[in-house]
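Here's the structure we're looking at; comments come further down.
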Amino acid sequence: KYNRIPSIENNEDTKIQSILKVFRDYNITPHIKIIDTNSVKIANGYQSDKYYIYITSYLLSNLSESELEAVVAHEIGHLVMKHNLKHFLISWLALVFGINAFLLSFIEKKFYILIPIAIIFLYIFATLILPLLQRSDEVKADLFACKAVGADTVKSALVSIDNLNKTPLKFSPKYMYTFSLTLSHPSTTVRIKKINEWSQKHGEDKFPS
1 KYNRIPSIEN
11 NEDTKIQSIL
21 KVFRDYNITP
31 HIKIIDTNSV
41 KIANGYQSDK
51 YYIYITSYLL
61 SNLSESELEA
71 VVAHEIGHLV
81 MKHNLKHFLI
91 SWLALVFGIN
101 AFLLSFIEKK
111 FYILIPIAII
121 FLYIFATLIL
131 PLLQRSDEVK
141 ADLFACKAVG
151 ADTVKSALVS
161 IDNLNKTPLK
171 FSPKYMYTFS
181 LTLSHPSTTV
191 RIKKINEWSQ
201 KHGEDKFPS
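Take the sequence shown: its letter number 183 is residue 183 in the working numbering, and every next letter is one higher.
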């Protein structure tokens, strides 16, 4: 169990202040929590509703100020674009479809065929469709962060996090079209490629915000 340190809004540390700056840039009241993960060496940041952002202490200790700004800008992008809410609503609709299919099959025997259809649909949704939406939104949050702190900083942060977590930057061809399709995050190589493609097509100053 990780030890959650109290919020850091009044902390004078320069890294903390660089994080708070990103919130101020978007006129958002900061709600930040640091989770102590130094013992297990996990470098990660994530967000929940109502602009709460959680950062692991291992991430805070090892990223530069600009890279931390990129991480926070990425998470703010998720919040601003309401990705969590979108995923919840889509998942809820899929679940409602599955439940209704089961109920209808119990009411009318002729609808028994809906049971295997619902099972297959929910399996495909949970393992392929939802992860696809999540990967797409990760790229959107990356582009949002690029607008806030610059593409090079975002790419540097992505590589640094992978190095800290000892995560491969690129999936092997063996897993490219199998295992990787079930993940909620694209590989860092793919994310950097998407950032570069956007930069070349629209220009550095036209990242979405």
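Glycine included, every Cβ here is placed at the ideal spot set by N, Cα and C. In this text, all values refer to a predicted model and were calculated from it rather than measured experimentally.
Please check the pair residue i and residue j, which I expect to be a contact at CB under 8 Å, by giving their CB distance rounded to whole angstroms.
i	j	result
K21	E69	7 Å
I53	H31	7 Å
G45	L59	6 Å
Based on Cα-Cα distance, which residue from the options lies nearest to residue i?
i	options	result
N14	S61, T37, I115	Rather than Asn, the amino acid found at residue 14 in this sequence is Thr. Considering only alpha carbons, the answer is S61.
F102	I115, T56, W92, L95	I115
N27	A148, H185, V190, P186	A148
S199	D162, L183, F144	F144
H87	L59, T56, D137	D137
V154	S66, N44, D25	S66
K193	D142, S160, K110	D142
C146	F97, Y58, T182, H202	H202
F97	K82, Y123, K33	Y123
N165	L63, L132, I129	L63
T127	R191, V190, T182	T182
H74	I19, S57, V190	I19
S160	R135, L132, T189	T189
T56	Q47, A151, I113, D36	D36
S91	S105, V80, P131, P186	P131
For residue i, which residues does DSSP report across the bridge?
i	result
Q47	I53
H31	Y52
Taking residue i as part of the alpha helix (DSSP H), name the residues at either end of that continuous run.
i	result
D137	130-149
D255	Look at the range of the chain in this structure, 1 to 209, and you will see that residue 255 is not part of it.
K194	188-202
K112	Looking at the sequence shown, residue 112 is not Lys but Tyr. That residue, Y112, is in no alpha helix (DSSP H); it is neither H nor E in DSSP.
Report yes if the C-beta of residue i is less than 8 Å from at least one heavy atom of the ligand MG; otherwise report no.
i	result
A148	Ligands are entirely absent from the displayed structure, and the ligand MG is therefore not among its contents.
Run through the segment 54-91 for me and flag every whole alpha helix (DSSP H) of 4 or more residues, listed as ranges in chain order. 57-62, 65-80
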